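**Student:** Taken in order, these protein sequences are the chains called A, B and C.
The numbering of the first sequence is the numbering used here, which starts it at 1 and goes up by one.
The numbering of the second sequence is the numbering used here, which starts it at 360 and goes up by one.
The numbering of the third sequence is the numbering used here, which starts it at 738 and goes up by one.
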Amino acid sequence: MSTGLAPGLARVRLGRFEALRRRPVMLFTAGLIVLLAAVVAGVVLGNVPVPLSDTLAILGHRFFGIPAAVTWPASAETIVLELRLPRVLSALVVGTGLAVAGATFQGLLRNPLADPYVLGTASGAALGAAVAVVIPVQIAFLGLGLTNLLAFVGALAAVAIVLRLAGGGGGGSLTSMLLTGYAVGSLLAAGLSMAMYLSGQNLRQIFFYLLGSFATASWAQLAFGLPIIAVGSALIMTRSRSLNAMLLGDEAALHFGLNVRRERAVLLGLASLVTAAAVALAGLIGFVGLVVPHVVRLLVGPNARLVLPLAALYGASFLILADLAARIPGELPVGVITAVVGAPFFLALLRRFRAGYEL
Amino acid sequence: MVLTLLLAACTSLPSSGTVNSLPASYAPNPTIAPNPTIAPNPTIAPVPTVAPLPTSLPNPQISPIPTLPPAGDTLPPAPPSVPATPAAIAYPLTITDDEGTSVTIPARPQHVISLSPAITEIAFGLGAGDRVVGGTDADDYPPEAAALPDVATFTGVIKEKVVSLEPDLVLAAGNGFNHPADIKALRDLGYPVVVVYAKSVDQVLADIRLIGLALGVPDVAATMTADMEAKIQTVSAAASALASRPRTFYEIGSTPDIYGPAPDSFISDLIEMAGGKAITTGDPNVFSIPLERLVNADPEVIVVGDALYGVCPRDVEKRPAWKSMTAVKNGAVRPVNDTIVTRPGPRLADGFAALARAIHPDISLPGFPPDVPICASP
Amino acid sequence: MSGLEVELRAVGLAYGRRQVLAEIDVRIEAGERVCLIGPNGAGKSSLLRCLTGLGQGRRGSVLMDGVPLEELGRSRLARSVAVVPGSISLPFAMRVEEVVALGRTPYEHPLLGARPADHAAVEAAMQRVGVTALRDRDARKLSLGERQLVVLAMALAQAGRLLVLDEPTVHLDLRHQVEVMQLLADLNERDGLTIVAVLHDLGLAAHFFPRLLLLDAGRLVADGPPSAVLTPERIRDVFGVDPRFVPAVLARS
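Below, the structure written as structure tokens:
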């Protein structure tokens, strides 16, 4: 490291973050404050003005039993409790799930460009949703529409196929797993195209599913997605040590005493389950699972013990705010917002790759 | 992978390997070469390519219509003068909508929300415009409907606005026009939602009567539909009296593919009723027609349904391969106001007359308003 | 801390039908420093894999302090044997301190993570190897020599009683080669670690290791001090090189 300009620059660049890297506690505190602010903003702001005092009174009245004279219109209560709150919480849960799953896949596959959809989840979910739209059957289960259900099933089926083809849960090589994921994804995308071609009038529904949205968020959907994502993410976090051990590759992980095959299968399964629940709730929302883990890693380094919970915190806040930005002008697809924020970041990331700096 | 999907799905390209969200080589070392095809912008890029989407929907259309010509005198005769007789209906009223859902309306609706431009037209046509409190951003007729608060857009229903307007009746359009999840959400919030969807002219009339019933003005609806039926009868009779039944292609859209009516669809039925032989896509689920099929069918009349979107007969005549068609050779390429032809509302009878005139320019339809010129001379 | 005693009994290994190791019987005493030498494909790395529990389909038995590898369990094995890989690649930028801390993985509480004892071990390992000053540098930006020292520190943090190294000096310049060798000798002599390394440089092997194991075509052909193992005949027969080209090796032995 004694010669060359680039290493010197890299040192400066890394040095800028050193102070932050030493302060995970501060980052956790800041993350909690940001999340709280995002939740409050998400519940207070919307297409229709509801005074802050009314909003707080409604929430206090309903959840904490604070006695208050009902001075607000019934519509305000419906807006806050039935529309905004489930929507904000759905964004929170999905943001958490995608960020945690993204960080897990990046770590497991040792690839900075991996995202939660890397093993075909997105294609499977999209095909499932499209099939649900095309077939003339309307059933509901646990408050979920057929679209949500088939998206969930499709996502899990796609991952199962990929893992099976790539040589079993965790046995195959990483590259073959990624390539299989891509190949299966392309095949399913062809099926999706066909389903869209056949969908006729309902093409718009499939299209909006592909762009992602929280417009249909409800307590019933949340009751399905929240437990899966919360438990799945928590279980992933309890396996931080395994993720860390795999940072240097399979052999090193074996030398650290890890049952690599089992741990990888478990982590792949959990991350896929979380992703499937997230896409079932909100459709395909890109960039959250890719960008948030990278930002967090820039701040605290690759230690999964810090990356996972921080990514969960900031992913949740990011998606709540992105959804807010999507619904204030009147139901833009939230995937467009995350892309508008995420794409420039991704470009900057690529530029740094070219310039010789890595995340 | 999202990018791949969107591209694969939203362009007509097959999912080739050109847009790959992950490079094939996963060397996790610092010299990893990022795949140059990871351009994040494709996520946004496909949006414009949905443009043909609305035009592929032969039924109610939510899409901004740039310059709608005034058509004031085509309104059915003065419904507000007919006295409503609410006493004739007993509330709570339970009706079955077009999707078979049983909907109970507790009292005569005073705050009505319309989720499609056709329904808005019907409500205003039935004299209930003063009870409509919210509509869509595509409402354009009657002109005062455009001023309603927009609670629905192309992307969906803005539920907060619906709730804030405290409606006692929501009228929605079926078959995917309004998102089924939105309809379900509104029902879950406790609002009576009546969904209408017309596959035929008769069903349009039935829907107008259903909406009239829901709004508490069944007698006004009966008058309106009887009048419409009479007009349609007049036009059909005049059309069938003519000797010729020209092969007719109704162009719904032309970007990027040529979109036309599917067999047994609303438009193909209208063409047959108006004295033409409809050239269709050949498959009820397909809305685009291969050019070869069209050339082979050799239309004698081409009705330019996308004239409102800037496609004029002279543009159609300039298209290569279209010159061989009889319609182009004979100058039988005629624009029509697509809104009144395809919108399942009160102006449908006038739209039917306009379509009959486009197919048979020499047809005699006294008593019908003249067509509003769309393209300057064809 | 005392070194680990290792014994291989009739160890054989085959990849498919290709036999890479056959009938290896070796005993390495606690606190010994042993170097595996031999031409490419002789089975040196395969033998190391058998020692660290990675050799799948191994025949024969490997005993650590008299306990068969299979009975030791992953966790105890990871606390007993630390491996210094030939090279490492990192998917993300990582500070040197964080890389060294990975060595504590076998000791970390699955939920609570690193505890004070782990931090102390990381600190001690960095000091022992002399990379404390590099603590905050991006490990991917280090020179190869520095990187090798960091990996060594990681292995020391793992606190194994047997240190296994696969060509730790490859790519290094002369000064770094000697530095690493001196460090290994010191760890062996002062800390009592058992060390097993694979080296290609016969000169370094002969100079820094009191005991050499010469492998050829999967068989152990010589075992003993450098002077006994590196004879002109073996240089010619095993390596296929005229002994006159490597006078320094012979002179040292």
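Where a beta carbon is used, it is the ideal one built from N, C-alpha and C, also for glycine.
Quick caveat, the model's predicted, so the values are computed rather than measured.
If you draw a straight line from the C-alpha of VAL907(C) to the C-alpha of GLY823(C), how long is it?
**Tutor:** When rounded, the distance between both Cα atoms is 8 Å.
**Student:** Leaving out the 5 sequence neighbours to the left and right, which residues in its chain are closer than 6 Å to GLY977(C) when beta-carbon positions are compared?
**Tutor:** Nothing meets the Cβ criterion.
**Student:** Under a Cβ-count criterion, where at least 16 other Cβ atoms within 10 Å of its own Cβ denotes burial, should SER739(C) be classed as buried or exposed?
**Tutor:** Its Cβ having fewer than 16 others within 10 Å, SER739(C) is exposed.
**Student:** Assign CYS671(B) to one of three DSSP states: helix, strand, or coil.
**Tutor:** Coil at CYS671(B), not helix or strand.
**Student:** By the three-class DSSP mapping on this structure, what secondary structure does LYS636(B) have?
**Tutor:** If DSSP states are grouped into helix, strand and coil, LYS636(B) belongs with the strands.
**Student:** Assuming THR685(B) contacts ASP657(B) under a Cβ cut-off of 8 Å, what Cβ separation, rounded to an integer in Å, is found between them?
**Tutor:** 5 Å between Cβ atoms; contact.
**Student:** Indicate whether the contact test is met: 3 or more Cβ pairs, each with one atom in the stretch 942-953 of chain C and one in the stretch 788-803 of chain C, closer than 8 Å.
**Tutor:** With a cut-off of 8 Å, the stretch 788-803 of chain C and the stretch 942-953 of chain C do not count as touching, because too few Cβ pairs lie within range.
**Student:** What distance in whole Å lies between the Cβ atoms of SER176(A) and ALA166(A), which are believed to be in contact at a cut-off of 8 Å?
**Tutor:** Yes, they are in contact, since the Cβ atoms of ALA166(A) and SER176(A) sit about 5 Å apart, within 8 Å.
**Student:** Cα-Cα, which of ILE135(A), PRO24(A) and ALA103(A) is closest to GLY289(A)?
**Tutor:** Answer by Cα proximity: ALA103(A).
**Student:** Starting from PRO963(C), trace the alpha helix (DSSP H) in both directions and tell me its first and last residue.
**Tutor:** Element bounds for PRO963(C): 963-966.
**Student:** So for CYS772(C), helix, strand or coil by DSSP?
**Tutor:** CYS772(C): strand per DSSP, three-state reduction.
**Student:** For chain C, is any of its Cβ atoms less than 8 Å away from the one on GLU251(A)?
**Tutor:** It does; some Cβ of chain C falls within 8 Å.
**Student:** Given THR315(B), which residues of its chain have a CB within under 7 Å of its CB, disregarding the five upstream and five downstream residues?
**Tutor:** One cannot answer for residue 315(B) here, as it falls past the ends of chain B, which runs 360 to 737.
**Student:** Rank ILE718(B), CYS734(B), ALA712(B) and VAL731(B) by C-alpha distance to the C-alpha of PRO725(B) and give the top, closest one.
**Tutor:** Ranking ILE718(B), CYS734(B), ALA712(B) and VAL731(B) by Cα distance to PRO725(B) puts ALA712(B) first.
**Student:** Compare the beta carbon distance of VAL48(A) and GLU519(B) with 8 Å and say whether it is the shorter of the two.
**Tutor:** Result yes, Cβ atoms of VAL48(A) and GLU519(B) sit closer than 8 Å.
**Student:** Using a C-beta cutoff of 8 Å, does ILE517(B) count as contacting chain A?
**Tutor:** So yes, ILE517(B) belongs to the interface.
**Student:** Give the residues of chain B in contact with VAL48(A), contact being defined as C-beta atoms less than 7 Å apart.
**Tutor:** Simply GLU519, LYS520 and SER523.
**Student:** Assuming ARG764(C) contacts GLU744(C) (C-beta within less than 8 Å), just tell me the rounded distance between them.
**Tutor:** Rounded, the Cβ-Cβ distance is 5 Å, consistent with contact.
**Student:** Would you say the stretch 445-463 of chain B touches the stretch 548-556 of chain B, given that touching needs at least three Cβ pairs under 8 Å?
**Tutor:** Yes, they touch.
**Student:** Of the residues that make up the stretch 196-208 of chain A, which ones have a beta carbon closer than 9 Å to any beta carbon in chain B?
**Tutor:** Hits within the stretch, in order: MET196, TYR197, LEU198, SER199, GLY200, GLN201, ASN202, LEU203, ARG204, GLN205, ILE206, PHE207 and PHE208.
**Student:** With DSSP collapsed to three states, give me the class of SER461(B).
**Tutor:** Correct three-state label for SER461(B): strand.
**Student:** What is the DSSP secondary structure of PHE946(C), reduced to helix, strand or coil?
**Tutor:** Reduced to three states, the DSSP call for PHE946(C) is coil.
**Student:** Just checking, does the stretch 483-494 of chain B make contact with the stretch 180-196 of chain A on the three C-beta pairs under 8 Å criterion?
**Tutor:** With a cut-off of 8 Å, the stretch 180-196 of chain A and the stretch 483-494 of chain B do not count as touching, because too few Cβ pairs lie within range.
**Student:** Look at ILE718(B) and GLY634(B) and say whether their C-beta atoms are less than 8 Å apart.
**Tutor:** Taking 8 Å as the Cβ cut-off, ILE718(B) and GLY634(B) qualify as a contacting pair.
**Student:** Tell me which same chain residues have a C-beta within less than 7 Å of the C-beta of PRO980(C), skipping the five on either side of it?
**Tutor:** Excluding positions up to five away in sequence, the list reads PRO969, ILE972, ARG973 and LEU987.
**Student:** What are the boundary residues of the beta strand (DSSP E) that PHE608(B) is part of?
**Tutor:** Element bounds for PHE608(B): 606-610.
**Student:** Between the stretch 806-832 of chain C and chain A, which residues of the former have CB atoms less than 9 Å from a CB of the latter, in chain order?
**Tutor:** Those would be GLY810, ARG811, SER812, ARG813, LEU814, ALA815, ARG816, VAL818, ALA819, VAL820, PRO822, ILE825, SER826, LEU827, PRO828, PHE829, ALA830, MET831 and ARG832, in chain order.
**Student:** Near CYS734(B), which residues of its chain fall below 7 Å by C-beta distance, leaving aside the five closest residues on each side in sequence?
**Tutor:** The answer, listed in chain order, is ALA666, CYS671, PRO672 and PRO694.
**Student:** So, does the CB of ASN644(B) fall closer than 8 Å to a CB anywhere in chain A?
**Tutor:** True, the Cβ-Cβ gap to chain A drops below 8 Å.
**Student:** Which residues in chain B sit within 8 Å of SER218(A), going by Cβ to Cβ distance?
**Tutor:** By Cβ distance, chain B contributes ALA544 and ASP547.
**Student:** According to a CB-to-CB cut-off of less than 8 Å, which residues of the stretch 226-254 of chain A neighbour chain C?
**Tutor:** The stretch 226-254 of chain A vs chain C, Cβ under 8 Å: THR238, ARG239, SER240, ARG241, ASN244, ALA245, LEU247, LEU248, GLY249, GLU251, ALA252 and LEU254.
**Student:** Given a threshold of 16 other Cβ atoms within 10 Å of its Cβ, counted over all protein chains shown, does ALA91(A) qualify as buried or as exposed?
**Tutor:** Looking at its Cβ environment, which holds 16 or more other Cβ atoms inside 10 Å, ALA91(A) is buried.
**Student:** What does a CB cutoff of less than 6 Å around ALA715(B) pick up in its chain, not counting 5 residues either side in sequence?
**Tutor:** Taken in chain order, the residues that qualify are VAL594, ALA598, ALA633 and ILE722.
**Student:** Flag LYS842(C) as yes if its beta-carbon sits less than 8 Å from any beta-carbon of chain A, otherwise no.
**Tutor:** Looking at the sequence itself, residue 842(C) is Thr, so the reference to Lys does not match. It does: the Cβ of THR842(C) has a partner Cβ on chain A nearer than 8 Å.
**Student:** Does the distance from the C-beta atom of ALA892(C) to that of ALA819(C) stay below 8 Å?
**Tutor:** Cβ atoms of ALA892(C) and ALA819(C): closer than 8 Å.
**Student:** Between the alpha carbons of ARG467(B) and ALA482(B), how many angstroms are there, rounded?
**Tutor:** Near 14 Å, if we compare the C-alpha coordinates of ALA482(B) and ARG467(B).
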